[in-house]
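Reading through the structure tokens given below for one structure.
There are 2 protein chains.
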Amino acid sequence: MRKIKIAIIGWGNVGRFCKQAVENAPDVELSGVVRRLQSVDKDKDELKGVCVVTDIDALKDIDVAVVSVPSREAPGKVKEIISKGIPTVDSFDVHDHIQAVKKDLHPLAIQYKTVSIFGAGWDPGTDSAIRTILRLISPDGQTTTTFGGTKGGRSMGHTAAVKAIDGVKNAVSLTLPNGAGCHKRKVYIELMPGADFEKIKNQICQDPYFVHDDTSVTAVEDISLFDTMNHGGELERLTRNIRQAYSVEGINPMMTANVLIASARAAYRAKQNAQYGAFTFIERPLIDFLPGSFEERLKGY
Amino acid sequence: MRKIKIAIIGWGNVGRFCKQAVENAPDVELSGVVRRLQSVDKDKDELKGVCVVTDIDALKDIDVAVVSVPSREAPGKVKEIISKGIPTVDSFDVHDHIQAVKKDLHPLAIQYKTVSIFGAGWDPGTDSAIRTILRLISPDGQTTTTFGGTKGGRSMGHTAAVKAIDGVKNAVSLTLPNGAGCHKRKVYIELMPGADFEKIKNQICQDPYFVHDDTSVTAVEDISLFDTMNHGGELERLTRNIRQAYSVEGINPMMTANVLIASARAAYRAKQNAQYGAFTFIERPLIDFLPGSFEERLKGY
Numbered sequence: 193m194r195k196i197k198i199a200i201i202g203w204g205n206v207g208r209f210c211k212q213a214v215e216n217a218p219d220v221e222l223s224g225v226v227r228r229l230q231s232v233d234k235d236k237d238e239l240k241g242v243c244v245v246t247d248i249d250a251l252k253d254i255d256v257a258v259v260s261v262p263s264r265e266a267p268g269k270v271k272e273i274i275s276k277g278i279p280t281v282d283s284f285d286v287h288d289h290i291q292a293v294k295k296d297l298h299p300l301a302i303q304y305k306t307v308s309i310f311g312a313g314w315d316p317g318t319d320s321a322i323r324t325i326l327r328l329i330s331p332d333g334q335t336t337t338t339f340g341g342t343k344g345g346r347s348m349g350h351t352a353a354v355k356a357i358d359g360v361k362n363a364v365s366l367t368l369p370n371g372a373g374c375h376k377r378k379v380y381i382e383l384m385p386g387a388d389f390e391k392i393k394n395q396i397c398q399d400p401y402f403v404h405d406d407t408s409v410t411a412v413e414d415i416s417l418f419d420t421m422n423h424g425g426e427l428e429r430l431t432r433n434i435r436q437a438y439s440v441e442g443i444n445p446m447m448t449a450n451v452l453i454a455s456a457r458a459a460y461r462a463k464q465n466a467q468y469g470a471f472t473f474i475e476r477p478l479i480d481f482l483p484g485s486f487e488e489r490l491k492g493y
Numbered sequence: 193m194r195k196i197k198i199a200i201i202g203w204g205n206v207g208r209f210c211k212q213a214v215e216n217a218p219d220v221e222l223s224g225v226v227r228r229l230q231s232v233d234k235d236k237d238e239l240k241g242v243c244v245v246t247d248i249d250a251l252k253d254i255d256v257a258v259v260s261v262p263s264r265e266a267p268g269k270v271k272e273i274i275s276k277g278i279p280t281v282d283s284f285d286v287h288d289h290i291q292a293v294k295k296d297l298h299p300l301a302i303q304y305k306t307v308s309i310f311g312a313g314w315d316p317g318t319d320s321a322i323r324t325i326l327r328l329i330s331p332d333g334q335t336t337t338t339f340g341g342t343k344g345g346r347s348m349g350h351t352a353a354v355k356a357i358d359g360v361k362n363a364v365s366l367t368l369p370n371g372a373g374c375h376k377r378k379v380y381i382e383l384m385p386g387a388d389f390e391k392i393k394n395q396i397c398q399d400p401y402f403v404h405d406d407t408s409v410t411a412v413e414d415i416s417l418f419d420t421m422n423h424g425g426e427l428e429r430l431t432r433n434i435r436q437a438y439s440v441e442g443i444n445p446m447m448t449a450n451v452l453i454a455s456a457r458a459a460y461r462a463k464q465n466a467q468y469g470a471f472t473f474i475e476r477p478l479i480d481f482l483p484g485s486f487e488e489r490l491k492g493y
């Protein structure tokens, strides 16, 4: 069986776990990693034997590019890659911008006869699929989504948004469940010398990522004491007659990477079937995200 | 907006709840009910104002037929209806026969340029979709499905299978969770005069519906004392790094009916897009099962 050839774009936490997910999957293989800088010494070991380049054009025969750059850079990077006709997947996570991204990417993907599956991490992504299922079993209910797992978790999107602010040396944004679909956010930052804490704090609190939530910002000496890779979500929909609940908890970038590699399969199959366009996770058939023959994928139905 | 015209085939528990689901949905309307016998007196009130016929040909302009006959009769009935070019949905629930039904129905649906979505209740159906999602987030785990909700529930498929046995006047089959994906089944039967209890008991225990489970069969005077409409399922997938759980519990035929009416929407849209064939629930995009415009369906993504 010919394996699906994957390029990983961006070498952060998600990129690293994507490499692991590719190695664990029976039907995909890694063609290379695209980074802003050539492999630096500290990553030598983990990238041993991997083709590392700074431009995707340097890689040959890519079936799907897994775009694991910071969320806000993802749509731009995706446009660049689908304009070469290469399918992409990403875990773009700004819920309010999903419709705008769809409008932006869809015609472009059709024009270049390729496929993009975007917003395809665990939330948005698989959680969005669960929310859709909850809605169709209980049309008259209301779904609450509570993030943070049992003890609070590290939001990758929020963390990356804070890290991008001028004067921030390092940061972590934790999400704590606050009941009935509400959240507290606890942001810890290490400051650059001379940075203005109050200014940075205001910038964080006014950011669309944080503006809806009860957010506290604390300057610390060493963020590693406050950090965790764990995260999770709980989805509930209760009516008088039907109650449903779903929970997921685990290593945040590992869950994201697993969904991305599954989405790479779905993107590859969509392109094979000439179903061009940019799609959210819920616009593609679930069976396309699994490895194996049709019969194998239907097992356990 | 033109509403999707639905025919309900079969007037049992699921058929009744389908009528309710249609009435609660903004985008579908009931064209009529097809029954083996003309409306009898006891159903006069609940079928008031509804066109009741014995043959689907007597109904005009059907967009989708919701086949809510006993599960084992469903594939035969579906073949008959899709051979007229009319799309169908059903909640056929014999897990082991899903692949065979696919092979049987798919070419026929293509031949008649129509669509069938089968095995589309809550299990198989939405639970199958959840199992697929669990697999793709945690490729290396093992999923257990435990039925019965918190206190045990009424399996419609199993109950119908027992009722179909000669000598059985009335029956109910309850499913009780027995830990780690195992179940006990408690079957209560009212016997016809002169029926052979031991023979019926053996027939039940050897039936594919029951053969894998710890089954007890008890003859009773009045099964209504043992009956319930409630049922549920719990799906779990645990690995060292990621844990996921989903549970659903409620009125069994109501949950089935809601999924069927959602599937009718997906079948209608598939036919509109000339995507002919017979499909399980996981072969169609989830977004197609929701009512409303594309933008409305993407809300809450």
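Here the protein sequences come in this chain order: S and E.
Take 193 as the starting number for the first sequence in our numbering and just add one per residue.
Take 193 as the starting number for the second sequence in our numbering and just add one per residue.
Cβ atoms here follow ideal geometry from the backbone N, Cα and C, with glycine treated the same way.
> Got a sec: which bits of the region 462–492 of chain S sit with their beta carbon under 7 Å from any beta carbon on chain E, in order along the chain?
Replying inline: Against chain E - using a Cβ distance shorter than 7 Å - the residues of the region 462–492 of chain S are 472, 474, 475, 476, 477, 478, 479, 481, 482, 487, 490, 492.
> Hey, quick one: how far does the alpha helix (DSSP H) through residue 296/S stretch, first residue to last?
Replying inline: Position 104 of the first sequence, counted from the start, is the residue given in the question as residue 296/S. Its alpha helix (DSSP H) spans residues 290–303.
> Quick one: which chain S residues come within Cβ less than 8 Å of residue 323/E?
Replying inline: Along the second sequence, read from residue 1 onward, the residue named residue 323/E stands at position 131. Under the 8 Å cutoff, chain S gives 492, 493.
> Secondary structure at residue 276/S, three-state DSSP: helix, strand or coil?
Replying inline: By one-based count along the first sequence, residue 276/S stands at place 84. DSSP places residue 276/S in coil when its eight states are reduced to three.
> Along the chain, where does the beta strand (DSSP E) that runs through residue 135/S open and close?
Replying inline: In the structure as shown, chain S starts at 193 and stops at 493, and residue 135/S therefore has no counterpart that could be examined.
> Is residue 404/E close to chain S, meaning its C-beta is less than 9 Å from at least one C-beta of that chain?
Replying inline: Taking the first residue of the second sequence as position 1, residue 404/E is located at position 212. Residue 404/E does not count as touching chain S.
>> Please report the straight-line C-alpha distance between residue 238/S and residue 264/S, rounded to a whole angstrom.
In response: As a first step, residue 238/S is located in the first sequence; it is residue number 46 there, counting from the start. As a first step, residue 264/S is located in the first sequence; it is residue number 72 there, counting from the start. Cα-Cα distance, rounded: 26 Å.
>> Using only CA atoms, which one of 378/E, 203/E, 250/E, 279/E lies nearest to residue 196/E?
In response: Position 4 of the second sequence, counted from the start, is the residue given in the question as residue 196/E. It is 279/E.
> Below 9 Å between beta carbons: does that hold for residue 346/S and residue 444/S?
Replying inline: Along the first sequence, one-based indexing puts residue 346/S at 154. Along the first sequence, one-based indexing puts residue 444/S at 252. Yes, the pair counts as a contact, with Cβ atoms nearer than the cut-off.
> Are the region 447–458 of chain E and the region 207–224 of chain E in contact at 8 Å, needing three or more beta carbon pairs?
Replying inline: yes
> For residue 372/S, is the classification buried or exposed, using 16 other Cβ atoms within 10 angstroms of its Cβ as the cut-off for buried?
Replying inline: Taking the first residue of the first sequence as 1, we reach residue 372/S at position 180. With fewer than 16 other Cβ atoms inside 10 Å of its own Cβ, residue 372/S counts as exposed.
> Alpha carbon to alpha carbon, what distance is there between residue 472/S and residue 282/S?
Replying inline: Your numbering for residue 282/S matches position 90 in the first sequence. Your numbering for residue 472/S matches position 280 in the first sequence. So the two alpha carbons sit approximately 10 Å from each other.
>> I'd like the span of the beta strand (DSSP E) that includes residue 364/S, first residue to last.
In response: For the purposes of this step, residue 364/S is taken as residue 172 along the first sequence, with counting starting at 1. Residues 360–369.
> Beta carbon of residue 457/S, beta carbon of residue 259/S: below 9 Å?
Replying inline: The residue labelled residue 457/S in the question sits at position 265 within the first sequence. The residue labelled residue 259/S in the question sits at position 67 within the first sequence. Result no, Cβ atoms of residue 457/S and residue 259/S do not sit closer than 9 Å.
> Quick one: does residue 437/E have its CB under 9 Å from some CB of chain A?
Replying inline: Although the question refers to chain A, the structure presented lacks it and instead comprises the protein chains S and E.
> By how many angstroms is the C-alpha of residue 440/E removed from the C-alpha of residue 474/E?
Replying inline: Mapped onto the second sequence, residue 474/E falls at position 282. Mapped onto the second sequence, residue 440/E falls at position 248. Roughly 18 Å separates the two Cα atoms.
> What did DSSP end up calling residue 350/E once you bin it into helix, strand or coil?
Replying inline: Taking the first residue of the second sequence as position 1, residue 350/E is located at position 158. Note: residue 350/E maps to helix in three-state DSSP.
> CB-CB under 7 Å to residue 483/E, same chain, minus the five flanking residues each way: which ones, in chain order?
Replying inline: Start at 1 with the first residue of the second sequence, and residue 483/E comes out as number 291. Excluding residues within five positions, the ones whose Cβ falls inside 7 Å are 217, 218, 219, 457.
>> I need the DSSP call for residue 469/E, collapsed to helix, strand or coil.
In response: Counted from its first residue, the second sequence places residue 469/E at position 277. Here residue 469/E sits in strand by DSSP.
> On the premise that residue 313/S lies in contact with residue 288/S, defined as a C-beta separation below 8 Å, what is that separation, rounded to the nearest angstrom?
Replying inline: Residue mapping note: residue 288/S aligns to position 96 of the first sequence, counting from 1. Residue mapping note: residue 313/S aligns to position 121 of the first sequence, counting from 1. Actually they do not touch by this definition, with Cβ atoms about 16 Å apart.
> Quick one, are the C-beta atoms of residue 201/S and residue 214/S less than 9 Å apart?
Replying inline: Taking the first residue of the first sequence as position 1, residue 201/S is located at position 9. Taking the first residue of the first sequence as position 1, residue 214/S is located at position 22. No, the pair does not count as a contact, with Cβ atoms beyond the cut-off.
> From residue 227/E to residue 243/E, what does the alpha carbon distance come to, in whole angstroms?
Replying inline: Here residue 227/E refers to the residue found at position 35 when the second sequence is read from its first residue. Here residue 243/E refers to the residue found at position 51 when the second sequence is read from its first residue. Distance between the alpha carbons of residue 227/E and residue 243/E: 11 Å.
>> Let's test the definition: count the other Cβ atoms within 10 Å of the Cβ of residue 400/E and tell me whether it reaches 16, buried, or not, exposed.
In response: Along the second sequence, one-based indexing puts residue 400/E at 208. By the neighbour-count rule (16 or more Cβ atoms within 10 Å), residue 400/E is not buried but exposed.
> Identify the residues that DSSP records as bridge partners of residue 375/E: which are they?
Replying inline: Mapped onto the second sequence, residue 375/E falls at position 183. For residue 375/E, which the question treats as bridged, DSSP gives the partners 369/E.
> I think residue 462/E touches residue 307/E, with their Cβ atoms under 8 Å apart; what is that distance to the nearest whole Å?
Replying inline: Here residue 462/E is taken as the residue at index 270 of the second sequence, counted from 1. Here residue 307/E is taken as the residue at index 115 of the second sequence, counted from 1. With a Cβ gap of about 4 Å, residue 462/E and residue 307/E count as contacting.
>> Check this for me: beta carbons of residue 379/E and residue 409/E, under 9 Å apart or not?
In response: Counting from 1 along the second sequence, the entry for residue 379/E is found at position 187. Counting from 1 along the second sequence, the entry for residue 409/E is found at position 217. Yes; because the gap between Cβ atoms is below 9 Å, this pair is in contact.
>> Please identify the residue among 206/S, 246/S, 204/S whose C-alpha is closest to the C-alpha of residue 224/S.
In response: Along the first sequence, one-based indexing puts residue 224/S at 32. Taking residue 224/S as reference, the option from 206/S, 246/S, 204/S with the minimal CA-CA separation is 246/S.
>> To be precise: take each residue of the region 332–350 of chain E, compare its Cβ to all Cβ atoms of chain S, and keep it if any distance is under 8 Å. Which residues remain?
In response: Correct list: 332, 335.
> Nearest-angstrom Cα distance between residue 446/S and residue 203/S?
Replying inline: For this step, residue 446/S is matched to residue 254 along the first sequence. For this step, residue 203/S is matched to residue 11 along the first sequence. So the alpha carbons of these two residues sit roughly 14 Å apart.
>> To the nearest angstrom, how far is the alpha carbon of residue 422/E from that of residue 442/E?
In response: Position 230 of the second sequence, counted from the start, is the residue given in the question as residue 422/E. Position 250 of the second sequence, counted from the start, is the residue given in the question as residue 442/E. Answer to the nearest angstrom: the Cα atoms are 5 Å apart.
>> Between 432/S, 431/S, 386/S, 377/S, which has its C-alpha nearest residue 405/S's C-alpha?
In response: Within the first sequence, the letter at position 213 stands for residue 405/S. Selected option, being the one with the closest Cα: 377/S.
>> For residue 367/S, would you say it is in contact with chain E, using Cβ-to-Cβ distances shorter than 9 Å as the test?
In response: Numbered from 1 along the first sequence, position 175 holds the residue referred to as residue 367/S. With 9 Å as the cut-off, residue 367/S does not count as an interface residue toward chain E.
> When you compare only the Cα positions, how much space is there between residue 320/E and residue 437/S?
Replying inline: Reading the second sequence from its first residue, position 128 is the one you call residue 320/E. Reading the first sequence from its first residue, position 245 is the one you call residue 437/S. For residue 320/E and residue 437/S, the distance between alpha carbons rounds to 16 Å.
> If you draw a straight line from the C-alpha of residue 368/S to the C-alpha of residue 375/S, how long is it?
Replying inline: Counting from one through the first sequence, the residue named residue 368/S turns up at place 176. Counting from one through the first sequence, the residue named residue 375/S turns up at place 183. Computed Cα separation, rounded: 6 Å.
> At which residues does the alpha helix (DSSP H) containing residue 191/S begin and terminate?
Replying inline: Lying before the first or after the last residue shown, residue 191/S is absent from chain S, which here runs from 193 to 493.
> Going by beta carbon distance, what residues of the same chain come within less than 8 Å of residue 356/E, once the five residues before and after it are set aside?
Replying inline: For the purposes of this step, residue 356/E is taken as residue 164 along the second sequence, with counting starting at 1. Answer for residue 356/E: 262, 264, listed in chain order.
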